[in-house]
Amino acid sequence: MGMRDKFFRALGLERGLVNITTANIIAAIVGGIFWLFLASILKVANYGELNYFISVAMISSVVSTLGLNVTVMTYLPKGEELLKNQANRMVLLSNCIILLPMIFIFHNISTLALVFGFSIFTMAQAELLGRRNSKKYFYITVGQRVLQVPLSLLLYYVIGIDGIILAYAISSLLFAYDFFKSLKALNFQFKELRSKFSFTKDVFFVNVSDRIGLYADKLLIAPLFGFEILGLYQFGFQFFLFLSILPVSLRFYILPQMAAGVHNKTIIRTSIIITSVISIISFFVIPELINSFFPLYRETIQASQIMVLAIIPWVISTVIGTRFFVNGKSRIVLVGSIMRVLSLFILILFTGGTLGLFGLAMSVLISMSIQSIFFFIANYTSSK
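Just so you know, we're using the working numbering here: the sequence shown kicks off at 2 and counts up by one.
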């Protein structure tokens, strides 16, 4: 065991988790700086419009993956190689079906390209996580982001905000080569997938609910309050998205581990503590950061502070929800996700117009807390 591995273990961490988290942190830092830079050069309304179309692509891409990324992450560690190949073919087929009507609805080729690119990239990441190849996951995750940023700036100055979306799609496709390698012997037999239909179905609805909870609020806020309010809201939400790499990384790591029968409570406890501490520190740092570098967004300070606190209930939900997945109780995760999404939408409708950005931010925090409390109660009652 090398010195780095000994150091990580002394902290209650493992190298695989460190690789995954580091990759996501680097990608998030690069992406976060890039999005903050865009906020400084775009009009608030244009910033909101850009996030609107990206939200459309993100929601559509999770529909096109059909929940198969989690299925691969869960069953590939158990040696089900054929299932992985069939899952990739199914995702390719679902993209063809989904993108056809979207051409006539959105008339935006860049958005359609991002739907395809992100769904393919998600499956490539899922394969690496299922194989517990955290080193290669690090390379493709960081590489995709590092390529995306300069390519986005180049295409933005050529074709406008559509160029930013297109660059995201191109960079995702270029680093999804493992997905395309699995399509060499192309056929459309899905026997292995059919045996996992019930599990995949529940995962699909959970994934859709989670993605809707992260992106569909933009689709609701834009028509209700306009692109300018959406731009302000999304600026504050960027802080939440940046911190979200912590629970996301934890889930990516512990799901294949738990599926393989490896349980490490120390890693889970350490991750929850670190996430909570970083969230609280961010709460106090945000005012100075915005006042110093983004004076045009001063009115988002309070909203940004509220939204970073939502990471705490989310990391708790991530841990408990992953345990439910591994134990075959995906239906509980589905119910919790639906509760979060419905409460988020209801709160946006009733608080957005009266409390403004503060109400929208509280909607995020309260909805995350509702899901966390439900999971905690469900876990307690099911373990008795």
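Cβ atoms here follow ideal geometry from the backbone N, Cα and C, with glycine treated the same way.
Bear in mind that the values here come from a model prediction, so they are computed numbers and not experimental data.
In this structure, Ser210 places its C-beta atom within 8 Å of the C-beta atom of Leu335. Cβ-Cβ separation between Tyr76 and Lys197: approximately 7 Å, consistent with a contact (criterion under 8 Å). Of the candidates Ala362, Ser173 and Ala58, Ser173 places its Cα closest to the Cα of Leu148. In the structure shown, Ala28 falls within a helical segment according to DSSP collapsed to helix, strand and coil. One Cα belongs to Asp203, the other to Met340, and the distance between them is close to 15 Å.
DSSP, reduced to helix, strand and coil, places Ala46 within a helical segment of the structure shown.
With contacts defined as CB atoms closer than 8 Å, Arg133 and Pro78 qualify as a contacting pair.
Taking 8 Å as the cut-off, the Cβ atoms of Leu175 and Leu167 do not count as close. For Asn328, there is no enclosing alpha helix (DSSP H), as DSSP marks it with neither H nor E.
Of Ile60, Glu82, Ala223 and Gly68, the smallest CA-CA separation from Leu115 is found for Ile60. Under the criterion of beta carbons closer than 8 Å, Tyr234 and Leu361 qualify as touching, at roughly 5 Å.
Under the three-state reduction of DSSP output, Leu67 falls in the coil class, being neither helix nor strand. Lys85 carries a helical assignment under DSSP once its states are collapsed to helix, strand and coil.
A direct Cα-Cα distance of roughly 15 Å separates Ile374 from Ser364. Spatial neighbours of Ile291 in its own chain (CB-CB distance under 8 Å, excluding positions within 5 residues in sequence) are listed in chain order as Tyr298, Arg299, Thr301, Ile302 and Ser305. At least 8 Å separates the beta-carbon of Val150 from that of Val73.
Non-local beta-carbon contacts of Ala29 in its own chain, meaning distances under 6 Å to residues more than five positions away in sequence, involve Phe243 and Ile246 in chain order. Three or more beta-carbon pairs drawn from the segment 43–61 and the segment 225–241 are found closer than 8 Å, and the two stretches are therefore classed as touching. If you draw a straight line from the Cα of Leu310 to the Cα of Gln126, it comes to about 28 Å.
Distance from the Cα of Leu350 is smallest, within the candidate group Ser272, Asn20, Phe240 and Ala217, for Ala217. Between Asn109 and Asp163, the gap from beta carbon to beta carbon is short of 8 Å.
Selection Tyr381, Met103, Gly17 and Trp315 evaluated against Lys136 yields Gly17 as nearest (Cα-Cα). Secondary structure note for Leu77: it is in no alpha helix (DSSP H), with a DSSP letter that is neither H nor E.
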